[in-house]
Amino acid sequence: MSELPRGTVAFLFTDIEGSTRLWQGHRPAMERAYQRHDQLLRAAIAAHGGVVYKLIGDAVQAAFPTAPGAVAAALETQLSLSAQDWADLGLPEELRVRMALHAGDVDPDPDGDYRSPVLNRLGRLMGAGHGCQTLLSQAVRQLARDRLPEGADLRDLGEHRLKDLLEPERVWQLLHPALDADFPPLKTLGVRPHNLPLQPTPVIGREREVTELAALLRRDDVRLVTLTGPGGTGKTRLGLQMAAEVVEDFPDGVWFVPLAALTDPELVLSAIAEVVGVRESGGTPLQFLLKEYLRDKRLLLVLDNFEQVLEAAPGVGGLLVAPEITVLVTSRAPLRLRGEREIPVPPLGLPRRKPPPTLAQIGQYEAVR
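Numbering (my numbering), first residue to last: 1245 to 1613.
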């Protein structure tokens, strides 16, 4: 492998849209198509000074010493893929590759990898795009705007809240006359209604859990998930990130209900009603009004810090009679309701005490990061 760039590094992430379906239905043709895709991508990356440092399935991660080089490699690859006759390789449809670019101050670790919130942000940016689309962060746009490849241009797609729950990112699309320019709206947090709060830091050390638990929330047979553990283990942050991951799966919204300030269990249903917009009416019981409102809704409720109001658990269970409501709870103790899936959240990994880790090793521990 060539020497990995350090300092201000521009990163290019790519993956193939719908690859699981293609592998399952057209494996021989997909093997040929993927090999061609790999050849074209690696040639463009190398030609513009980049280094492929990681492969995750059919997704590629590459690092460049300059942002203009990363943009040029992305454009060259998209042009080559667009010109390819995929039917000649036996594939019944075009291989559609989505790409995203972001930049930041990052040094590689001793294992030849990069560990930085910059990469988490880039992963979210790529996840917002569509096959054949190339997205740029504001940082890459600033670094490359005066040195775009011949014929290339940028389209301002505006500010978008990515699923990392950090500050909105201004997103740009790479354009070229030979490439498609029109795509569906980006798959960001603006697609569905929600009230998920911005967060000051990205999720660290929980990436695998977020993916697995988000898949659990998507299951039709799972209606109540409770993240349990002592205070300070990151249950709230994990729950928020899980909710952000599945926001597209709930057309009627994802609604965060903070309960830390409550000590009276009788007020829990009122807090839920206020968030989802249900008003109390005359002498009608609030639980009845909530059930009526939720009866034909497909939404996710995130009830945070439930341990202080555990006596309200039966009332929450009563809301689950609505057939498509899912509830995600964070609590130091489970609700002990029928069908509850309790997920313990352990603390992040700490460095060993003896022998003590080296300075290079200590930064790899999740709690230190």
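Note that beta-carbon positions come from the ideal geometry of N, C-alpha and C, so glycine has one too. Please read these numbers as outputs of a predicted model, since none were measured by experiment.
Query raised in the report: Do S1575 and T1470 come within 8 Å of each other at the CB atom, strictly closer than that value?
Result: For T1470 and S1575, yes; Cβs fall inside 8 Å.
Query - Assigned secondary structure, I1516 (DSSP; H/G/I helix, E/B strand, else coil) - result: In the structure shown, I1516 sits in a helix (DSSP, three-state: H, G or I).
Report task. Measure the alpha-carbon distance for L1482 versus A1303 and round it to whole angstroms. Result -> Each residue's Cα considered, the two are about 25 Å apart.
**Report entry** Length of the line joining the Cα atoms of G1375 and W1330
**Finding:** Taking the straight line from one Cα to the other gives about 15 Å.
Query - Buried/exposed call for D1408, threshold 16 Cβ in 10 Å - result: By the neighbour-count rule (16 or more Cβ atoms within 10 Å), D1408 is buried.
Query raised in the report: From which residue to which residue does the alpha helix (DSSP H) around A1504 run?
Result: Boundaries cannot be given for A1504, as no alpha helix (DSSP H) includes it and DSSP labels it neither H nor E.
Query raised in the report: Using the C-alpha atoms, what's the distance from A1287 back to T1477?
Result: Distance between the alpha carbons of T1477 and A1287: 44 Å.
**Report entry** S1381 classed as buried or exposed, judged by whether at least 16 other C-beta atoms fall within 10 angstroms
**Finding:** By the neighbour-count rule (16 or more Cβ atoms within 10 Å), S1381 is buried.
Query - Touch test, the stretch 1294-1311 against the stretch 1357-1365, Cβ-Cβ under 8 Å, three pairs minimum - result: Segments in contact, yes.
Query - Whole runs of the beta strand (DSSP E) within the stretch 1435-1496, excluding any shorter than 3 residues - result: Residue ranges of uninterrupted beta strand (DSSP E) with 3 or more members, entirely inside the stretch 1435-1496 and ordered along the chain, are 1468-1472.
Query raised in the report: Would a C-beta distance cut-off of 8 Å place L1534 and L1563 closer than the cut-off?
Result: Yes, these two residues count as a Cβ contact at 8 Å.
Query raised in the report: So, using beta-carbon positions, are H1292 and A1317 closer together than 8 Å?
Result: Yes. Within cutoff.
Query raised in the report: In three-state terms, what does DSSP make of H1270?
Result: Three-state DSSP puts H1270 in coil, outside helix and strand.
Query raised in the report: From which residue to which residue does the beta strand (DSSP E) around F1308 run?
Result: Unbroken beta strand (DSSP E) run through F1308: A1303 to F1308.
Query raised in the report: In the structure shown, what three-state DSSP assignment does R1405 receive?
Result: In the structure shown, R1405 falls within a coil segment according to DSSP collapsed to helix, strand and coil.
Query raised in the report: Considering only residues of the same chain and omitting the five flanking positions on each side of D1458, which have a CB-CB separation below 6 Å?
Result: In the sequence under discussion, the amino acid at residue 1458 is Ala, which differs from the Asp named in the question. Excluding residues within five positions, the ones whose Cβ falls inside 6 Å are M1486, E1489 and V1490.
Query raised in the report: What is the residue span of the beta strand (DSSP E) that Y1297 lies within?
Result: For Y1297, the enclosing beta strand (DSSP E) starts and ends at V1295 to I1300.
Query raised in the report: In chain order, what residues of the same chain lie with their CB nearer than 7 Å to the CB of S1263, ignoring the 5 residues before and after it?
Result: Answer for S1263: D1302, listed in chain order.
Report task. Starting from A1347, trace the beta strand (DSSP E) both ways and give me its first and last residue. Result -> Run containing A1347: V1341 to V1350, per the beta strand (DSSP E) assignment.
Requested in this report: Evaluate A1621 with the Cβ neighbour count: other Cβ atoms within 10 Å of its Cβ, from every protein chain shown; 16 or more gives buried, anything less gives exposed.
Outcome: Nothing about residue 1621 can be read from this structure; the chain reaches only from 1245 to 1613.
Query raised in the report: Is there contact here, the stretch 1320-1336 with the stretch 1270-1282, by at least three beta-carbon pairs under 8 Å?
Result: Put simply, the stretch 1320-1336 touches the stretch 1270-1282. At least three CB pairs are less than 8 Å apart.
Query raised in the report: Per the contact definition of three or more C-beta pairs closer than 8 Å, is the stretch 1461-1470 in contact with the stretch 1444-1452?
Result: Output reads no: the stretch 1461-1470 does not touch the stretch 1444-1452.
Report task. Indicate whether G1251 and D1349 have their beta-carbon atoms separated by less than 8 Å. Result -> D1349 is positioned such that its CB atom lies closer than 8 Å to that of G1251.
Query - Same chain, Cβ closer than 6 Å to P1393, neighbours up to 5 away in sequence not counted - result: Contacts found: A1316 and L1319.
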